[in-house]
Every structure is written in structure tokens, then in C-alpha cells.
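Those protein sequences? They're chains A and B, same order as listed. Each residue of the first sequence is one higher than the one before, starting from 9 at the first, in the numbering used here. Each residue of the second sequence is one higher than the one before, starting from 9 at the first, in the numbering used here. A virtual CB, placed ideally from N, CA and C, is assigned to each residue, including glycine. Shown next, in C-alpha cells, is the structure this report addresses.
There are 2 protein chains.
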Amino acid sequence: MRKGQVVAEQLAGGDLSRLRQLNALAVVRVLRGRSALTLTELSRETGLSRPSTQDVVSQLQHQGWLEEVRPEPGVMGRPARRYRFRSDAGWVLGVDVGGHTVRVLAADLDGDVGHAVRVAVAITAGRAERLAAVDAAVAECLAGAGLTGADIWAATVGTSGLVDAAGQVVLSVAYPQWTGVRLAKHVERLVGGAVLVDNDSRLAALAETWRGVARDAAHVVYLLAGLRTGAGLIVDGRLHRGFGRAAGEIGALPELGWIRAPELLRGWTGVPAGTDPDDVAGLVFAAAREGDRTAAAVVGRYARELALGAAALVLALDPQLVVLGGGFSRSADVLLGPLRREIEQRCVRLPEIVASTLGDDAVALGAVKLSLDHLREHLFDPRTGLASPVPPARRLIA
Amino acid sequence: MRKGQVVAEQLAGGDLSRLRQLNALAVVRVLRGRSALTLTELSRETGLSRPSTQDVVSQLQHQGWLEEVRPEPGVMGRPARRYRFRSDAGWVLGVDVGGHTVRVLAADLDGDVGHAVRVAVAITAGRAERLAAVDAAVAECLAGAGLTGADIWAATVGTSGLVDAAGQVVLSVAYPQWTGVRLAKHVERLVGGAVLVDNDSRLAALAETWRGVARDAAHVVYLLAGLRTGAGLIVDGRLHRGFGRAAGEIGALPELGWIRAPELLRGWTGVPAGTDPDDVAGLVFAAAREGDRTAAAVVGRYARELALGAAALVLALDPQLVVLGGGFSRSADVLLGPLRREIEQRCVRLPEIVASTLGDDAVALGAVKLSLDHLREHLFDPRTGLASPVPPARRLIA
DNA sequence: TCACTTATGAAGGTCTCCATAATAAGTAAC
DNA sequence: GTTACTTATTATGGAGACCTTCATAAGTGA
């Protein structure tokens, strides 16, 4: 290819090496996330001829993207060589900086989680203490996975609050002193690749489309229902952030009451004195489950507040699916019914409404997925082709 | 595959003819929407070598996509041959079925409008009468442009109401007997190519991103403010319809009052008896413009109702831009101020709010654009390559 | 008319792909 | 243990599309 050529945004043609590039990417795409395949199988799936497939494969093998595994024994005919994608060539991190916990997942290029770590942190912890917990959790996770920071090709950090394109938290109401923290810069000290930062609700939404209940839905409204309330939107299969990264922040509208909604649950009077405020919600849901009328009424009021904002999002986007996530989704059995009824009252076309099944790892999983998407765009993109498997140069990414 | 799933038809490689395909598309892409270029210029812009460019060009010329024009006179050196894209190889139609008017635009492949027609129709007209007006307008437009139905490669019809994927109006509150009309089927009798049907607000939004004030915005909320109220959403540069094609139909929520909002204007008492109800709105805006307090108050109330729904959309999507369109946008000088104040009160991040400048042709222009987008996806797509310039086979498209 | 400029056309080389045929390495049956 | 069968691998020849380079063509300006 000619030196200095501008790689068009649209997919452009080019010379013959470009064709090889595309075919190499096709082979990698077929092989990623699957077990080993033979040349014949690869040839069939890519549509390339066998000799060409072989050529491409040996080139990829030489580059380090592919690895030969021993042939499948006991089959008719000459045993075929098998090749697998070296998903362990690079790693990504997914970090969830929560109120009480910092979670870190290390995953390979296929998204398989190699090591998971959780470190407790006080809800009252200030900036330094919380950042120290992040450092500790990342270090422990790297060690546990047998990696160093240099092995990490991309990392994503999920946090509550509004995050700007440079990875700085521009507004956080949840944790003290968290507004203004430069999370991307902080984590870049720890790992080699690019560091992305995004809102936790959004990452959880992304996780649902990846490995959760929204796997096959292109349009999704995700509700984070817990001690905080938030939303994440999937539009056309992609995370929607909006122009100022404030999409889905419908909770900021006081009339909708997303901020005070969790308070409704704490206001229940049926709880023993001295209970940890954070545990009250669980007790309310439990009581409602047992048939307590006043608890059920409180849950109903909470559902109504949640449904107000949810209905606005549903009406705006007309999603296929609404996913109820966050800590309260554990009590979906008592929450989902009222929520569904309240949303139904307000919407033209009622979408499916289901509870998340990902549990506490949703945000960290979404962070892993965003890291992988970043790599896909920058390493496995038809526009740029496929370089050797080394950590991509770090750039500040919007 | 569940409905609504993202079709991740990744771009595949192939043999050498595939490369030629891509390079031919690159040449066409450079040449479309521009005046004639020489081989040297084409070579530079596509990144191909000169001989290859020449090869590709002569192939495209032979197919009928390109045409040689006479060289630019009076330049130094040997005069270069110049080639232009034959934008008149195919045509599209944009049809706007409005309450009082049916508009039809015929445009070439570059989107240049060759002929425009408007036919009056009574607001009370039933289904047959309105469809007859469509027939007449289309026939007149084709004749005026010197075309026949067979020359039309794609046509799009904009209408009020909810439209399903098969081009049937499933719900219309605006015109009598309009619910249930199979618009696509009806128009397919008249033209050769594919016929798409979509909501008028959405098409107007699309027009704004194409040739209107939203040209450079990826996220847009378009408000249709007129005798009816509606919205169209642009997300990530693309029209957002939602899973059930009901996205943006936030006006259906009675609490937000989009249905009764225009009635507020008619309720003004300062109008002479016997005025046509449709003219009242204009008088109210005029009076407000002149400083009439009661008229200004009515406009303020209308702006508030409009802002309720608009704020919900803005909070959900965080657009860069809100475009005020529809008939009332002519009175943007008195409407925009109150609207902006009301939206500001309710939003976290205030987007830019501007009035449309496209006038009455917005919907028809959007219909033209959707037709062109359809052709781009089906004729000029890197996945399929480029066939000879003939009207594409008609398919029922979602 | 001559120099200069820019475009065109032709030749030769390289790369990537494909089809086909010859060879290799297993299993299954006798 | 040999033979037949099955499937993979390797080698060869050819076609298509791209590139670079050089000679030639067709204008303008002095």
C-alpha cells in the first residue's frame, strides 16, 4: 500500500495487500470466540479457497494471532491440522468503582474472565481512599491472573455520575469528593493500553446485551434500581451516550423523583430500630413478599416513581426490552409486577420488561465489553487492518 | 434470530474481483454529488494508481455509471478527460401526504430535485379521494420531470400516523378513514422501484440532517409543531424508529398534552368570528408578535405543553440540537423564546434549539433522502458491490 | 516553431487469488 | 499385515488486478 495514504472513513478499496488484510480479518472473525477449526472448515466459512485460507492462516500464525493445536484424534482420513485464535494474546480489564465495593475483572480477547477480585471500601470513603482501593483491586487482579499492567491492552472503569470524554468525573452526587477525579489518568498509571471511563448504568446496559437477558435486542432501556437510580440506553445495538454524555439521565428531573425514590423504601416503619439504612430496602421487599400490606404499599410507591422515568424513556425510544437491574433487581419477584403495571398505564406499546440475571458483576462485565469493543474498533477494524498482536498505542479516546 | 436483532453483516474479503468492486465503489463515492473530475484527481482522491483508476473508470463508463464530459478548456498541458457520475441514471420520488396538500418531489441520484408538484386535497377527504390526489400528484410530477414510473428506482411516502414495516398505516388520528390504508401497495402500482412509507415527523427530521439546520449534528430531536404535534429522532446520525416503530410518539401520553396543545391556540378569543379554524394559529402568533398580552399568554401556554414532551425527549437522548419544524415554525420568532425557557427549566444540559428553515417541503425532502438512503444501502453497498445502473428489484423492506 | 506542462498509453513486474493434480497420513476391512 | 478408503496437505500453473516506469500525445505560452 502506498505510503501516507489516507485511510478513508468509508471502507475503501486499495491494492492487493488490502485484500489480504480483509481476508485475514475474515479468518480471525470466524475463529474468534470459538474452538479450534481445521483449514477445510475455515475455508468453507470464509468463502476463500483452501490454498488461500492456508496462506492467510500461516501468515496469521506467524504474526502470533493463531496457534496450532493438536489434531482431533480418531476421525476418518488424514488428521487435519487445527488452528485456534490466541485469545490469550492480550487482556482487558473491567473495573467497577461502586459505593461499597471495587470490582475488577481480567478477561482475555474472547471476553472469558480469567480472574475476578472484589475489594471493600467504605461508602463514606473520600477520593484518596477510594482510589487506593482501585489500585489495590487492580494490582490483586493482575497478580491473580498472572499478568502485569503491560499485558493489558485496554481497560474500562465504570463509576456513578457524569463522565466526560477525557475520563474525568464531572459530577458525582453519590460519593464524597468524587466530582472532578481524573479516573482515566489515574488508571493509566496501572495498565498499558487505553483506559476508558463511563457511567455505571450504561456499562451495565451494555453487559445485558452481551451476556444478559438483552442478548438479542437492538433497542433496550436498562434501569439501575438500587440505592441509586439510573438508566442506560442501547439504540440500534450500540450504547447511546448522547451529545453531552448525559443521555438517560432522566433522573435528574426532580419531578420524576428518581433521586428520592430509594428514600421511599427507607421510610418504611416496619423495620427494627438500629437497622443499617442500606439493609432496609431488602427488609421491605422481604416483608412485601410475605404479604405485609404496608410494605407492599411502599414498594408500589417506589415502583410508581421508577415507572415515571422509565415510561418517558420507553415512549421516547420504543425499546424492545426494558431490563430491571441494580441491587433491587434481586427482589424482582415483588418489584416487577407493580413496575410493569405502572409502565403499562403510560405507554403506547408495552415493551417486554424483565429482570437482570447478571447480578453484582453487571457493571464490571460491561466494562470488559467496552474494552473489547474498543479493541475491535482499533485492532480488528476493516479500515485499518490487523497488526501484530501487541498492545495498541495508548490514545486519548472520546 | 429474534426480530430487531442487529444484522452484523461484517464486511468480508474475497477474490480479486471483490477488490475491483470496492475500488469501483470508491470511485463512485468520490464522484457522487460533485462535478466532473479528471483521472488524475480521481487517482489522488481514491488512493489508487493512475492506471488502475483508468481501468476502473472505463469499466464504470461501460456499465453506464460514468460519462465523459468535454475537457476543461484553456488549462496548461494536455487537456485531461473528465468524467462525471451519471446522477440522472436513476430517479427517486419523495411524497408527502399532508392534511391539505399532497406534495411530490422527483430527484436524481444526487438528490437534486428535478420537478416539484403540489396538489390540494380537502382536510375532510376520505381514503379514496386522498389516494386519488396521490395518484394525480405522482402522475403530474413524473410527466413534469419527463419520466415514467419505470424510471423511479425508489419512492418514499410520508404520512401522519403510525406506519408498520409493510407500509400500512396502522393508526391515524388526523385524517378520516386513513387507518388501515396500504400506502406502499398503492404507490407500488405507480412506480418501478421499492416503495417505503414512514412517519412524516421522522422524514422531516431526516431532511433537517440532510439539507437543513441539523446538517452537522449526530443527535437531533425534531419537533413537528403545527395543527398536529409530532417528533422525529436522529440518533448517531441515523433515523431512530424504535422496535415497534413508535419511537418519539411521546405525544400519545395524555399527560403531556401534545394532542390538545394546538387546541390551546384555537381557543384564543381575540379572533374575528367566522375565521377558518386553520387560520387562527397564525393570527395568534401575529397578535403576540404585535404585543397582544392575551395572545402572548396563549402562545406561552402552548410552548409549555410542547416543552413538556420535548424535555422528556431531550433528557432521554441528550441531543446536540432541537429543531422546531412544522407549520408553526414560521412563527419561530415568537415561539422559540418561550419554548427555550420552558425546556431549559426541565433539562440538565440545554441543547441548542433552532427553527427549521426548510419550509413546507421538509417532509417530501426527507422522503427523497430516505429513498436515496435505501438505494445507497442496496446499490452502493460495499457488501454487495455495484451492478449495472438499472432499477433495483423491488423488495418489501422493513 | 520550440520549450514546457500535463495527460495518456503500453510494458513489465508483483501479489493474491483460484483450480487441479499429485502426495501424505490416518482409519477400516480383510 | 496388507489393501482400500477417506480426508488433508503440498505443488504447479494460470488469471486478474494492482503497481511503477517510460515513451508518446496534445495542449499552452514565449
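DSSP-derived helix/strand/coil call for residue i
| i | result |
| --- | --- |
| ARG40/B | coil |
| VAL103/B | strand |
| VAL112/A | strand |
| ARG90/A | strand |
| THR54/B | helix |
| GLU257/B | helix |
| THR46/A | strand |
| ALA144/A | helix |
| VAL125/B | strand |
| LEU27/B | helix |
| LEU343/B | helix |
| GLY335/B | helix |
| GLY22/A | coil |
| VAL35/B | helix |
| VAL322/A | helix |
| VAL65/A | helix |
| GLN13/B | Bear in mind that a pLDDT of 26 at GLN13/B, under 50, signals an unreliable position, so the model cannot answer this. |
| GLU313/A | helix |
| LEU273/B | helix |
| GLU137/B | helix |
| LEU150/B | helix |
| GLU80/B | coil |
| GLY98/B | coil |
Of the residues the options, the one placed nearest residue i, counting alpha carbons only
| i | options | result |
| --- | --- | --- |
| PRO184/B | TYR91/B, GLY106/B and GLY157/B | GLY106/B |
| ALA97/A | THR109/A, GLN71/A, TRP276/A and VAL77/A | GLN71/A |
| LEU323/B | ALA239/A, LEU56/A, VAL146/A and GLY175/A | ALA239/A |
| THR46/A | ILE242/A, SER168/A and VAL83/A | VAL83/A |
| ARG349/A | VAL306/A, ILE361/A and GLY393/A | ILE361/A |
| ALA162/B | GLY335/B, LEU27/B, ALA136/B and GLY119/B | GLY119/B |
| LEU155/B | VAL288/B, GLY335/B, LEU198/B and LEU139/B | LEU198/B |
| ILE242/A | PRO359/A, LEU325/A, HIS382/A and PRO59/A | LEU325/A |
| ALA303/A | GLN67/A, GLU313/A, VAL38/A and LEU291/A | LEU291/A |
| THR365/B | TRP99/B, ARG338/B and ALA144/B | ARG338/B |
| THR132/A | HIS108/A, LEU150/A, ALA151/A and VAL142/A | HIS108/A |
| VAL77/B | TYR91/B, VAL228/B and LEU179/B | TYR91/B |
| ALA144/A | VAL127/A, THR392/A and ALA158/A | VAL127/A |
| LEU214/A | LEU39/A, LYS377/A and PRO359/A | LYS377/A |
| ARG52/A | LEU117/A, ALA34/A, PRO346/A and GLN69/A | ALA34/A |
| GLY169/A | LEU150/A, SER209/A and ALA136/A | SER209/A |
| ARG37/A | VAL125/A, ARG58/A, GLY102/A and VAL64/A | VAL64/A |
| CYS355/A | ARG42/A, ALA295/A and ALA315/A | ALA315/A |
| VAL279/B | ARG391/B, PHE293/B and GLU75/B | PHE293/B |
Assumed close pair residue i, residue j - CB separation to whole angstroms, cut-off 8 Å
| i | j | result |
| --- | --- | --- |
| ARG89/B | PRO81/B | Not really, about 13 Å apart at Cβ, beyond 8 Å. |
| THR164/A | VAL177/A | Contact doesn't hold; Cβ gap of about 14 Å is too wide. |
| TYR230/B | LEU273/B | In fact, because the Cβ distance is near 20 Å, the residues do not count as touching under 8 Å. |
| ASP245/B | HIS227/A | Residue identity check: residue 245/B is Gly in the sequence provided, not Asp. With a Cβ gap of about 16 Å, GLY245/B and HIS227/A do not count as contacting. |
| ASN207/B | VAL171/B | 6 Å |
| GLY175/B | VAL203/B | 6 Å |
| ALA340/B | ALA363/B | 3 Å |
| VAL331/A | ALA222/A | 5 Å |
| TRP99/A | ASP159/A | 5 Å |
What are the complete beta strand (DSSP E) segments, minimum 3 residues, inside the region 160-248 of chain A? Here the runs fully enclosed are 160-167, 177-179, 202-207, 228-233, 237-243 and 246-248.
Along the region 317-331 of chain A, where does the CB come closer than 7 Å to a CB of chain B? Name the residues. Going along the region 317-331 of chain A in chain order, one finds ALA320, LEU321, LEU323, ALA324, LEU325, ASP326, PRO327 and GLN328 with a Cβ nearer than 7 Å to chain B.
Along the chain, which unbroken stretches of the alpha helix (DSSP H) at least 4 residues long are found entirely within the region 353-393 of chain B? Within the region 353-393 of chain B, the complete alpha helix (DSSP H) runs of at least 4 residues are 370-387.
Taking the runs of the beta strand (DSSP E) that are 3 residues or longer, which of them lie wholly in the region 277-309 of chain A? Whole beta strand (DSSP E) segments, 3+ residues: zero.
Which residues, in order along the region 373-392 of chain A, keep a beta-carbon less than 7 Å from a beta-carbon of chain B? When CB distances to chain B are screened at a threshold of 7 Å, the residues of the region 373-392 of chain A falling below it are PRO390, in chain order.
Chain A contacts from the region 353-364 of chain B (Cβ-Cβ distance under 9 Å): Legend: CB atoms of the region 353-364 of chain B lying less than 9 Å from CB atoms of chain A belong to residues ARG354, CYS355, VAL356, ARG357 and PRO359.
Using a Cβ cut-off of 7 Å, which residues of the region 256-280 of chain B contact any Cβ in chain A, in chain order? If you check each beta-carbon in the region 256-280 of chain B against every beta-carbon of chain A, the ones closer than 7 Å belong to GLY256, GLU257, ILE258, ALA260 and LEU261.
Near-chain A residues of the region 233-247 of chain B (beta-carbon distance less than 9 Å), N- to C-terminal order: For the region 233-247 of chain B, which is checked against every Cβ of chain A, the residues closer than 9 Å are ALA239, LEU241, VAL243, ASP244 and ARG246.
Chain A contacts made by the region 106-140 of chain B, where a contact means CB separation under 9 Å: Within the region 106-140 of chain B, no residue has a Cβ that lies closer than 9 Å to any Cβ of chain A.
Residues of the region 163-194 of chain B with a CB closer than 7 Å to any CB of chain A: list them in chain order, please. For the region 163-194 of chain B, which is checked against every Cβ of chain A, not one residue is closer than 7 Å.
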